[in-house]
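If you're matching positions, the sequence shown starts at 1465 in my numbering and goes up one per residue.
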Amino acid sequence: MTEVIGVRFQRSGTITYVNPQGEQVAKDEDVIVATDRGVEYGTIRIENIELPEELLPPIQASLVRKANEADVQTVAENSRLAQDALALCNIKIEEHRLAMKLVDAEYTFDRDKL
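Structure, rendered in structure tokens:
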């Protein structure tokens, strides 16, 4: 049996199983998670549970910590910066007459990826 938590990230509709690193969390609590995409901000959708390993996909993410007020502000700032990046990219698409439509932009929590 493996202890996991289920986290939903901002843009994704799916729940990702995360190693809780021994931390107890509650549903709807916001957390910071290390994923293969980088450090991300998400919300607990499934509290700590034990599941048989054969029912789990390989766990690729682990809990870093519970989110705090500064993290909420960082997410808001990331959202604003992503909107700015989206606007700039749309200008460049028009300037270069590219046959494409940009749908969205999103920063990881640590702004390592856009």
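Note that beta-carbon positions come from the ideal geometry of N, C-alpha and C, so glycine has one too.
Q. In chain order, what residues of the same chain lie with their CB nearer than 7 Å to the CB of Ile1510, ignoring the 5 residues before and after it?
A. Position 46 of the sequence shown, counted from the first residue, corresponds to residue 1510. Taken in chain order, the residues that qualify are Ile1469, Gly1470 and Ile1479.
Contact between the region 1518-1533 and the region 1560-1571 is defined here as three or more beta-carbon pairs at a separation below 8 Å; is this criterion met? no
Note to self: Please give me, in chain order, every unbroken run of the beta strand (DSSP E) with length at least 3 that falls completely inside the region 1482-1525.
What the structure shows: 1494-1499 and 1502-1515
### Among Gly1502, Glu1487, Gln1485 and Lys1491, the one whose alpha carbon lies nearest that of Arg1472
Stepping through the sequence shown from its first residue, residue 1472 is reached at position 8. Check the Cα spacing between Arg1472 and each of Gly1502, Glu1487, Gln1485 and Lys1491: the tightest is with Lys1491.
Query raised in the report: What does Val1528 pair with, by DSSP beta-bridge criteria?
Result: As a position in the sequence shown, residue 1528 is number 64, starting the count at 1. Paired residue(s): none; Val1528 is not in a bridge.
*Taking the alpha-carbon positions, what's the Val1482 to Arg1561 distance?*
By 1-based counting over the sequence shown, the position of residue 1482 is 18. By 1-based counting over the sequence shown, the position of residue 1561 is 97. The alpha-carbon atoms of Val1482 and Arg1561 are separated by roughly 43 Å.
Determine the extent of the alpha helix (DSSP H) in which Glu1559 is found, giving its start and end residues. Locating residue 1559 in the sequence shown gives position 95, where the first residue counts as 1. Glu1533 to Glu1559 is the span of the alpha helix (DSSP H), which, as asked, contains Glu1559.
Check: Excluding the five sequence neighbours on either side, which residues of its own chain have a C-beta within less than 8 Å of the C-beta of Val1489, listed in chain order?
Finding: The residue given as residue 1489 occupies position 25 in the sequence shown. The answer, listed in chain order, is Ile1469, Val1495, Ile1508, Glu1511, Asn1512, Leu1527 and Lys1530.
Three-state secondary structure (DSSP) at Glu1570?
-> Position 106 of the sequence shown holds residue 1570. In the structure shown, Glu1570 falls within a coil segment according to DSSP collapsed to helix, strand and coil.
Would you mind giving the Cβ-Cβ distance between Leu1515 and Met1465, rounded to the nearest angstrom? I have them listed as a contact below 8 Å. Residue mapping note: residue 1515 aligns to position 51 of the sequence shown, counting from 1. Residue mapping note: residue 1465 aligns to position 1 of the sequence shown, counting from 1. Confirmed, about 7 Å.
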